[in-house]
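Asks: Numbering (my numbering), first residue to last: 363 to 520. Below is the structure I would like to discuss, written out as structure tokens.
Structure below.
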């Protein structure tokens, strides 16, 4: 276990986790609608120099896959353009899916990964906050290759 802090710790941990993927690999992110999208866009920016083909699959429903593209002077955004999520090199599962109010059962994610996988199993990465995967038991159900967990603290002044 390694501990890092702040946004650079979060994005750096993700970047390091993706370092072994070949440039141009297909990366599929899956997360809850609205809640996970900004984090997916931040993580996509983090690996911008790898030339990955990146897609977002809301709520583990592969038929809803949308492309993630660089938009000049904006950053990386999920766009309303369908994409093919099949045969990914990596699947990144966002913790919002494990939240009862926003997510889906872990079996939906397992099924999606199995359906999308080609000849080789993709690298499966969990990215969550506040130990959500552990609190909901997803770490026992999904065979994550790596789990990145971030804790946030908020201080309101005046």
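All residues carry an ideal CB built from backbone N, CA and C; glycine is no exception.
(1) DSSP three-state label for residue 393, please.
(2) Give the straight-line distance between the Cα atoms of residue 482 and residue 451, rounded to the nearest whole angstrom.
(3) Along the chain, where does the alpha helix (DSSP H) that runs through residue 399 open and close?
(4) Are the stretch 368-381 and the stretch 494-512 touching, with three or more C-beta to C-beta distances below 8 angstroms?
(5) Could you work out which residue in 427, 496, 389 and 464 is closest to residue 409 when comparing CA atoms only?
(6) With a threshold of 8 angstroms, are at least 3 pairs of Cβ atoms found where one atom belongs to the stretch 376-385 and the other to the stretch 446-464?
(7) Can you tell me which of the three DSSP states residue 314 falls into?
(8) The beta strand (DSSP E) with residue 494 in it runs from where to where?
(9) Could you compute how far the alpha carbon of residue 444 sits from the alpha carbon of residue 487?
(10) Taking the continuous alpha helix (DSSP H) assigned at residue 475, which residues delimit it?
(11) Within 10 angstroms of the Cβ of residue 428, are there 16 or more other Cβ atoms? Answer buried if so, exposed if not.
(12) Give the DSSP bridge partners of residue 388, in chain order.
(13) Have a look at residue 401 and residue 368 and give me their C-alpha separation to the nearest angstrom.
(14) Is DSSP giving residue 491 helix, strand or coil here?
(15) Shorter than 7 angstroms, the distance from the beta carbon of residue 389 to the closest heavy atom of the ligand MG, or not?
Replies: By the coordinates alone:
(1) The residue you call residue 393 lines up with position 31 of the chain shown. Residue state, collapsed to three classes: strand.
(2) As a working note, residue 482 is residue 120 in the chain shown. As a working note, residue 451 is residue 89 in the chain shown. For residue 482 and residue 451, the distance between alpha carbons rounds to 8 angstroms.
(3) In the chain shown, residue 399 corresponds to position 37, counting from 1. Looking at the DSSP string, the run of the alpha helix (DSSP H) that includes residue 399 is 399-408.
(4) yes
(5) Against the chain shown, residue 409 aligns to sequence position 47. When only C-alpha atoms are compared, the closest one is 389.
(6) yes
(7) Lying before the first or after the last residue shown, residue 314 is absent from the chain, which here runs from 363 to 520.
(8) For the purposes of this step, residue 494 is taken as the residue at position 132 of the chain shown. Where residue 494 is concerned, there is no enclosing beta strand (DSSP E), although the alpha helix (DSSP H) it sits in stretches over 494-497.
(9) On the chain shown, residue 444 is found 82 positions in, with the first residue counted as 1. On the chain shown, residue 487 is found 125 positions in, with the first residue counted as 1. The alpha-carbon atoms of residue 444 and residue 487 are separated by roughly 23 angstroms.
(10) Stepping through the chain shown from its first residue, residue 475 is reached at position 113. Looking at the DSSP string, the run of the alpha helix (DSSP H) that includes residue 475 is 468-478.
(11) Residue 428 sits at position 66 when you count from the first residue of the chain shown. Residue 428 should be labelled buried.
(12) As a working note, residue 388 is residue 26 in the chain shown. DSSP lists 415 as partners of residue 388.
(13) As a first step, residue 401 must be located in the chain shown, where it is residue number 39. As a first step, residue 368 must be located in the chain shown, where it is residue number 6. Between residue 401 and residue 368, the C-alpha separation is close to 14 angstroms.
(14) Here residue 491 is taken as the residue at index 129 of the chain shown, counted from 1. Three-state result, residue 491: strand.
(15) The ligand MG is absent from the structure shown, which contains no ligand whatsoever.
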